[in-house]
Structures are given as C-alpha cells and as structure tokens.
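Position one of the sequence shown corresponds to residue 1 (the UniProt record's numbering), numbered consecutively onward. Everything below concerns the one structure shown next.
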Amino acid sequence: MNILDQYIKSAPSPQNALDIFKGEWSSKLPTPLANFQAGSIPLFEDPRIDWAATQLGGIQGKTVLELGPLEAGHTYMLESLKAASILSIEANSRAYLKCLIIKEILDLKKTRFLYGDFVEYLRNTETKFDVCIASGVLYHMTNPAELIGLIAKCTDKIFIWTHYYDKNIISANPKLRHKFTGSSQTNYDGFKHILYRQEYEKALEWSGFCGGNASNSYWMSRNDILSCLKYFGLKNIEISFDAPDHPNGPSFALAAVR
1 MNILDQYIKS APSPQNALDI FKGEWSSKLP TPLANFQAGS IPLFEDPRID WAATQLGGIQ
61 GKTVLELGPL EAGHTYMLES LKAASILSIE ANSRAYLKCL IIKEILDLKK TRFLYGDFVE
121 YLRNTETKFD VCIASGVLYH MTNPAELIGL IAKCTDKIFI WTHYYDKNII SANPKLRHKF
181 TGSSQTNYDG FKHILYRQEY EKALEWSGFC GGNASNSYWM SRNDILSCLK YFGLKNIEIS
241 FDAPDHPNGP SFALAAVR
C-alpha cells in the first residue's frame, strides 16, 4: 500500500466522507442528503422509531441509551425527536466510524458515540436512562436473555425490533433453515428458555457485516422474548410491525414499559 492512496485531492464534501466506506453502507441517507450515495435501507426515516416514540411517551427531553446504532440512522431520528441526550454504543469498528461520519455530516449535537461492547457496559454501569432503543441487536446475541435482563436494570422503557425463531416458518425457508444448527435449554438468572443457534456463515466475509461479535448467535422464540421481558419486570408490552414472512426470518417490534 502507498500511503498517498489514503489522501484525497477534491474539495471537502459529504460524499468524500461516505466513500471512505464505499460499498459498505446499508442505510439510505435522509431527505436533505438523499442525492448522496450510501446504502438503500431507509433507516434514517424509519416508521418503527416514530411508533416507538409514541408508545414510550415521547422522546423529547428524555435520556436515551441506544444499543448498536449501525450507521446512526435511528440516532438521527432520536435527535430529531428532541432527545435530551443519547448515549450510543457500537462494537463494530467500521460501523462506529460510519456513525462518526454521520455525526459530522448531519451535525448531531446530542449524541455521544462510544466504541465498545454494550453488554460489558451494561454489566458494569449504574447509570439509569429514560428510554433504551435496542433495534436489530437481540438476535445477534449469544445470550439474549442476559441482554434483556441487563437493559431492565437501567431503564423502565425499551423498544426492541428483532428476528425470532419459529420452527415452522424457518424450516420451510431453504434460505434460512441451513443456518440453524441446533437448540438448547438454558437458564439465565432463573428464567428458563430455549436458544436456537444461528450461524453467520458467508456473511462474515463482507466488510459491511452488521452482525454480532461471534461466528454465531442465538435466537429466542417470540413467546420466550415476551416472557423474558415480563420476567424482568417490563410487563406492559405493545407489539407492531409483525412480519412472519421477513426474508431474513420472522420479526416483530415491541415497546415494553415497567
């Protein structure tokens, strides 16, 4: 490598910054920057976050913990909803740097991005938050019940969007069934449940990989997810965006309040 290849000679622009990770972006930028090239998924204009805000009593003036911001699409929306502050934790170094690019491009003022494992953070923090946003992270965990239990210690309000395991749906899908290699009964802090092992396989070869920090993760069933939330005190649950036919596996969104 010639270090001069890392320099750029054109005038500063958002596209220059975005192109540092060219071909790795998942998210389409919001309307003000829609002409710039990034990804294709509209995570900066996501109705799930608007729904979550309504179900959780609004975001304005609230302290927010965001787990796994990916490319800061939801972070941008939370700032637009006038959160008082957002602490956003990302363990993927490339995703973390993409979040910092978005922070500059969209001039985010209320957010602090931290680079690290949010499970380790939650195991050690005593900080309380008004709201926790955990979108697209639960099914990437190796111990998803622990994540729910830890979140329940630091907040009374949580939004989750996640895939879940459904034997009938997944076994009927040839693109999914080979990724699941077994199940096991387990217990976390007294909560008994079943985990279903999911392998990332070739997804690990993509530099824009959006999964967890191991070669596999464990999914829970829909019922076990709901039961786990109730077990740890988040008993008032609203459900929406139910998508049993999602191409990457059945999914749903929920807002849970103590």
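A virtual CB, placed ideally from N, CA and C, is assigned to each residue, including glycine. Owing to the predicted nature of the structure, the values given are computational and were not obtained by experimental measurement.
DSSP-derived helix/strand/coil call for residue i
| i | result |
| --- | --- |
| residue 181 | strand |
| residue 5 | helix |
| residue 192 | strand |
| residue 119 | helix |
| residue 113 | strand |
| residue 125 | coil |
| residue 24 | coil |
| residue 252 | strand |
| residue 173 | coil |
| residue 65 | strand |
| residue 82 | coil |
| residue 246 | coil |
| residue 159 | strand |
| residue 59 | coil |
| residue 147 | helix |
| residue 33 | helix |
| residue 139 | helix |
Inter-residue Cα distance where the pair is residue i and residue j
| i | j | result |
| --- | --- | --- |
| residue 139 | residue 162 | 6 angstroms |
| residue 64 | residue 197 | 31 angstroms |
| residue 22 | residue 98 | 11 angstroms |
| residue 120 | residue 151 | 12 angstroms |
| residue 233 | residue 225 | 13 angstroms |
| residue 39 | residue 142 | 28 angstroms |
| residue 58 | residue 148 | 21 angstroms |
| residue 165 | residue 122 | 25 angstroms |
| residue 15 | residue 153 | 41 angstroms |
| residue 239 | residue 144 | 19 angstroms |
| residue 230 | residue 236 | 8 angstroms |
| residue 220 | residue 19 | 37 angstroms |
| residue 115 | residue 26 | 19 angstroms |
| residue 158 | residue 133 | 6 angstroms |
| residue 28 | residue 125 | 33 angstroms |
| residue 62 | residue 155 | 11 angstroms |
| residue 129 | residue 246 | 31 angstroms |
| residue 44 | residue 30 | 5 angstroms |
| residue 217 | residue 10 | 42 angstroms |
| residue 3 | residue 223 | 53 angstroms |
| residue 242 | residue 251 | 6 angstroms |
| residue 8 | residue 1 | 15 angstroms |
| residue 344 | residue 113 | In the structure displayed, the chain extends from 1 to 258; residue 344 sits before or after that span and is not available. |
| residue 255 | residue 66 | 14 angstroms |
| residue 215 | residue 189 | 25 angstroms |
| residue 183 | residue 110 | 42 angstroms |
Span of the alpha helix (DSSP H), counted from its first residue to its last, around residue i
| i | result |
| --- | --- |
| residue 50 | 47-55 |
| residue 239 | Counting along the chain, residue 239 falls outside any alpha helix (DSSP H), though it belongs to the beta strand (DSSP E) covering 236-243. |
| residue 231 | 222-231 |
| residue 202 | Premise fails: residue 202 is in no alpha helix (DSSP H) and is neither H nor E. |
| residue 17 | 14-18 |
Beta-carbon contacts of residue i that lie in its chain and below 6 angstroms, excluding the five residues immediately before and after
| i | result |
| --- | --- |
| residue 185 | 194 |
| residue 69 | 75, 88, 90 and 99 |
| residue 106 | 76 |
| residue 60 | 82 |
| residue 49 | 74 and 77 |
| residue 12 | none |
| residue 108 | 79 |
| residue 37 | none |
8 angstroms Cβ shell around residue i - same chain, five flanking residues per side excluded
| i | result |
| --- | --- |
| residue 136 | 68, 70, 161, 162 and 210 |
Same chain, Cβ closer than 7 angstroms to residue i, five either side skipped, listed in chain order
| i | result |
| --- | --- |
| residue 46 | 73, 74 and 77 |
| residue 174 | none |
| residue 181 | 197 and 199 |
Residue i beta carbon near the ligand ADP (any heavy atom closer than 8 angstroms)
| i | result |
| --- | --- |
| residue 45 | Of ligands this structure carries none, so the ligand ADP is not represented either. |
Beta strand (DSSP E) segment containing residue i, residue limits
| i | result |
| --- | --- |
| residue 216 | 216-219 |
| residue 95 | Where residue 95 is concerned, there is no enclosing beta strand (DSSP E), although the alpha helix (DSSP H) it sits in stretches over 93-105. |
Discussion item. Quick check: the segment 53-63 against the segment 74-83, are at least 3 beta-carbon pairs closer than 8 angstroms?
Written reply: yes
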